[in-house]
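First the structure, in the form of structure tokens, and then the observations on it.
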Amino acid sequence: MNKNEAHRLEQLVLSHLSEKNVRNKISQHSNPYRELMAYYRCAMMEIETKFRVLNEELSIQYDRNPIESIKTRLKSPESILDKLVRKGLPVTVAGIEENINDIAGVRVICAFPSDIYMLADALLKQDDVRLIEKKDYIGKPKANGYRSLHLIVETPIFLHDSKRMMRVEVQLRTISMDWWASTEHKIRYKKDLSFSDSIDSDLAECARIAAELDARMEAIHRVTHSDD
């Protein structure tokens, strides 16, 4: 069996594991796993609330809402196990919390690129938010054309008898960045499908056009709102 066949077999096995079996694989007892996921959900709510408060405040200042929508997601047990296995990390609850930063995810969709940086700066100025990692795929897009601002932040959640620091991945995108990423993912959803250089080039060109559209729309917005 070659390496590719072994990888496909591993993926096939993982895909047939039920959530309960995956949780048992991560820990002999499911309660610690469920508790950890509950903490991540709380952390997502904390970060989501912070952005909703910023959106409300800034809507008064700018006479518009800088945030179009907010989406949250918790990484599935299958995806967690797959990542632990691929990276050779301990398949334990502690292994999850210590090594995986994107269990909890908050995606913020904005109208203009400048809104992204404004909101990121406002979030990171809050004294209960600590920046762990920042990746600016807007200033320096990925080779395939992907654009987004990624932040790994740490924030406290307050439980009935304690405080716990939790990490959340924040992705900030414009509407066009999010549309491109979502559509590109749907096109590539078959992991074993090979793409030609021309298709890769076309997708990257679509990303470039979307970025140009963002820039032009923001320029128009600045001209039309220069007296605000």
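FYI, my numbering numbers position 149 of the sequence shown as 842, with every residue one higher than the one before it. Quick reminder that beta carbons are idealized off the backbone N, C-alpha and C, glycines included.
Backbone CA spacing between residue i and residue j [nearest angstrom]
{"i": "Glu-898", "j": "Ser-855", "result": "50 Å"}
{"i": "Arg-915", "j": "Ser-891", "result": "36 Å"}
{"i": "Ala-815", "j": "Leu-782", "result": "34 Å"}
{"i": "Met-858", "j": "Glu-790", "result": "11 Å"}
{"i": "Ala-756", "j": "Thr-742", "result": "For the record, residue 756 in the displayed sequence is Asp; it is not Ala. So the alpha carbons of these two residues sit roughly 20 Å apart."}
{"i": "Gly-798", "j": "His-918", "result": "33 Å"}
{"i": "Ala-787", "j": "Leu-812", "result": "32 Å"}
{"i": "Glu-847", "j": "Ser-875", "result": "26 Å"}
{"i": "Tyr-882", "j": "Ser-889", "result": "15 Å"}
{"i": "Ile-796", "j": "Leu-767", "result": "6 Å"}
{"i": "Ile-773", "j": "Tyr-726", "result": "11 Å"}
Residue i classed as buried or exposed, judged by whether at least 16 other C-beta atoms fall within 10 angstroms
{"i": "Ile-753", "result": "exposed"}
{"i": "Phe-805", "result": "buried"}
{"i": "Ala-736", "result": "buried"}
{"i": "Glu-862", "result": "buried"}
{"i": "Phe-744", "result": "buried"}
{"i": "Gly-838", "result": "buried"}
{"i": "Arg-840", "result": "buried"}
Residue i and residue j closer than 8 Å at C-beta
{"i": "Ser-869", "j": "Leu-906", "result": "yes"}
{"i": "Arg-860", "j": "Ile-825", "result": "yes"}
Sequence-distant residues of the same chain with beta carbon closer than 8 Å to residue i, five excluded per side
{"i": "Lys-780", "result": "Asn-792"}
Close beta carbons around residue i, own chain, < 7 Å, minus the five adjacent residues each side
{"i": "Tyr-732", "result": "Ile-850, Arg-857, Met-859"}
{"i": "Val-822", "result": "Leu-816, Val-846, Thr-848"}
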